[in-house]
Amino acid sequence: MTTTDLRPERLRPSKPGAKPRKTTTGRRTWLLTFAGFFLTATAWALALPVEGNTDEIAHVERAYAVATGQWLGHQSHAIYNRPGAMFTVPESLVPWNGECMFHPSVDASCQRWTGAAKPVTANSWTGRYSPLYYLPVGLPMRWWPNETGVIAGRVVSAAMNAALLATAATLAAALAGSRLLLLAVLAAATPSALNLAGAVNPNGLEISAGILFWTCVVVLLSRPDQPDQADQPDQLDKTDHADQTEALNRQTRHAATWAAIAGFILLTTRTLGPVWCAATLALAAVLTNREHLRSLRSIGGWRPRLAVLTIGAIGGLAWNLASGNFEYYKVSTVDADRGHHFIGATLLENITAVFNVRIDEWLRGTIAVAGQYDYFAPAWLVLLWSSVIAVLVGLAMLTAPRRSRLVVTAIGVTTLLLTTALDLKYVQVLGWTQVSRYFMPFVAGMWIVAASSVPRGAIPAEAEQRFLRTSFVVMAVCHLSWLALAMNRFQNGPFAPLDPFAGAWTPSVGTVAPLTALAAGIGCMLWMSTTTVQCPR
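Quick note: the sequence shown uses the numbering used here, first residue 3, plus one each step.
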């Protein structure tokens with residue numbers, strides 16, 4: 003894919019009759035970034051035991067069921083009072099005591115597997131989730147109904163997530179021509195996000211779709227006006243003007259197509275997806291104006307893209323209604339095992355707990371968390387990654403237009419208010435239920451919008467370059483460190499001295515393969531970020 007840098011300054015050739023400068027970074031950027039994200043997510047897929055990711059056994063059972071034609075199953079509310087379903091799965095598909103390692107000081111060697119393929123009944127509380135994600139992920143489990151099939155399903159999930167994230171990076175780098183926006187996309191793909199990308203869990207795909215959706219939105223809204231030939235008769239001849247206009251429209255259509263795909267995934271993957279999709283579009287409306295919307299409409303071809311979003315919205319709503327997914331947490335059947343600790347708390351006490359404990363957990367979980375949301379990265383790692391995001395948001399707050407600052411603030415406030423409201427709503431029924439992965443598809447827009455809004459020349463080019471290089475190195479260190487720490491937790495226990503190369507339990511592929519895959523993935527992204535993308539902001 004050959005792309006033209008379409009920023010207004012680059013639309014004017016250096017001398018009359020000269021062709022506008024073109025770059026050929028699009029395809030190379032996508033391939034390198036896909037390899038980087040895929041290898042990084044695959045490292046997590048290879049490194050962790052089954053159930054080493056949040057609620058994975060329930061998702062594995064759901065994936066196998068979908069791949070074998072059991073799309074609905076007999077509805078059940080037996081587990082956590084969720085709209086689950088009963089499925090027939092092989093006994094060999096998951097360990098029978100998968101959560102044994104979440105007791106204090108226990109490693110993953112406690113898990114017990116059976117080689118028997120005899121059918122048993124599984125009660126998966128994710129059994130009514132949309133089947134679209136589970137079908138491709140579950141196919142390897144149909145062929146290999148054991149740990150091998152689960153790991154293969156994880157790798158399929160890693161590939162789907164990597165495709166979305168690589169597209170977002172390509173749009174940021176090759177089309178928008180902004181290294182700050184590229185940095186924001188890479189920063190949105192936190193270690194937590196890539197851990198989920200390499201797990202059997204639709205939340206990872208939802209996060210990747212949210213990152214792509216926000217990137218498409220800011221690329222479309224930052225589309226420059228078409229070059230006016232009448233204003234520059236000495237610089238642009240008619241052929242140049244037509245070529246540049248067509249290139250601009252072609253790239254806009256490309257971004258719009260991916261916006262429709264990402265939006266469809268958001269609308270159909272999980273029940274909160276439509277909320278995040280609607281909120282993103284509402285805030286995008288604040289960033290644009292009528293003239294810009296007319297310019298976008300002029301490229302044509304919007305009807306099929308809007309049809310994709312409409313089908314996603316109607317299909318997602320219809321599935322959730324038919325499958326009972328809106329029947330979460332009925333008060334009439336309280337899960338006493340988890341809810342009784344909070345029944346006596348007052349609203350004020352619960353609000354105090356949100357500010358004293360919950361917000362800190364949400365912030366740390368956004369960056370790096372593993373297991374059943376019980377093993378968080380050390381403070382230094384969270385602060386390092388957060389510093390990159392803080393600089394991007396800070397630059398926008400200091401230099402961006404007022405509308406952009408308003409949207410960045412609104413994303414953060416909306417995320418906090420909605421997550422807090424849901425936590426307080428269900429705390430008397432199930433305890434604290436909301437975790438960071440639920441809002442990550444939306445909150446990533448904070449730094450994506452911020453990075454896209456920093457005006458050209460707001461910071462010196464040399465300072466920007468140093469910040470970019472430092473940020474890439476910081477994120478690479480965080481990725482490598484967190485995988486090593488998480489591997490050590492499952493191999494040796496949560497409080498053991500660091501040694502990711504040995505343990506009472508080790509991955510089936512060995513300990514070197516995951517770390518090597520991650521190093522290779524980080525290398526691909528560093529190479530792309532520092533050498534391939536020749537697009538200073």
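Just so it is clear, CB atoms sit at the ideal spot from N, CA and C, and this is done for glycine as well.
Does the Cβ-Cβ distance between residue i and residue j come in under 8 Å?
i	j	result
residue 2	residue 144	Residue numbering for the chain in the displayed model covers 3 to 539; residue 2 lies beyond these limits and cannot be assessed.
residue 276	residue 320	no
residue 214	residue 169	yes
residue 58	residue 291	no
residue 405	residue 308	no
residue 139	residue 96	no
residue 377	residue 496	yes
residue 493	residue 110	yes
residue 91	residue 67	yes
residue 127	residue 60	yes
residue 456	residue 519	no
residue 426	residue 352	yes
residue 444	residue 303	no
residue 85	residue 317	no
residue 360	residue 260	no
residue 375	residue 56	yes
residue 199	residue 210	yes
residue 221	residue 257	yes
residue 39	residue 167	yes
residue 607	residue 295	Only positions 3 to 539 of the chain appear in this structure, which leaves residue 607 out of reach.
residue 477	residue 189	yes
For residue i, which residues does DSSP report across the bridge?
i	result
residue 123	90
residue 253	Note: residue 253 sits in no beta bridge, so no partner.
residue 531	Note: residue 531 sits in no beta bridge, so no partner.
residue 372	377
Taking only the alpha-carbon atoms, compute the straight-line gap between residue i and residue j and give it to the nearest angstrom.
i	j	result
residue 148	residue 93	9 Å
residue 264	residue 163	11 Å
residue 530	residue 31	6 Å
residue 153	residue 172	28 Å
residue 20	residue 253	Note that residue 20 scores a pLDDT of 42, beneath 50, so its modelled location is shaky; the value from the coordinates is reported in the next line. Between residue 20 and residue 253, the C-alpha separation is close to 22 Å.
residue 341	residue 194	Reliability of the predicted coordinates at residue 341 is poor, the pLDDT of 40 falling under 50, and the value obtained from them is presented with this limitation in mind. The straight-line gap from Cα to Cα measures roughly 27 Å.
residue 526	residue 37	7 Å
residue 312	residue 348	42 Å
residue 515	residue 480	18 Å
residue 192	residue 89	34 Å
residue 87	residue 65	12 Å
residue 524	residue 454	24 Å
residue 208	residue 282	14 Å
residue 363	residue 186	22 Å
residue 35	residue 115	36 Å
residue 219	residue 350	39 Å
residue 522	residue 98	34 Å
residue 217	residue 286	11 Å
residue 206	residue 49	17 Å
residue 420	residue 274	11 Å
residue 17	residue 528	Residue placement at residue 17 is poorly supported in this model, since its pLDDT is 41, which falls under 50; the coordinates still yield a value, given next. Each residue's Cα considered, the two are about 35 Å apart.
residue 125	residue 323	20 Å
Within the continuous alpha helix (DSSP H) that includes residue i, where are the two ends?
i	result
residue 455	447-455
residue 159	149-172
residue 312	304-325
residue 492	463-494
residue 218	204-223
residue 102	First-last for residue 102: undefined, no H or E at that position.
residue 413	404-432
residue 279	275-289
residue 62	58-69
residue 133	133-145
residue 187	181-190
residue 193	193-199
residue 352	349-355
residue 293	292-299
What residue does the beta strand (DSSP E) around residue i start on, and which one ends it?
i	result
residue 76	76-78
Taking 7 Å as the cut-off, does the CB of residue i come closer than this to any heavy atom belonging to the ligand NAP?
i	result
residue 436	Among the ligands in the structure shown, none appear at all, so the ligand NAP cannot be discussed.
Specify whether the segment 131-138 and the segment 479-495 touch according to this definition: at least 3 beta carbon pairs, one from each stretch, less than 8 Å apart.
no
Are the segment 386-404 and the segment 494-505 touching, with three or more C-beta to C-beta distances below 8 Å?
no
For the structure I just gave you, are there three or more beta carbon pairs, one from the segment 404-417 and one from the segment 441-459, closer than 8 Å?
yes
May I ask you to verify whether the segment 157-165 touches the segment 93-105, counting CB pairs closer than 8 Å and requiring at least 3?
no
Examine the Cβ distances between the segment 473-487 and the segment 452-462 and report whether three or more of them are shorter than 8 Å.
no
If we count Cβ pairs, one from each stretch, closer than 8 Å, do we get three or more for the segment 423-441 versus the segment 360-377?
yes
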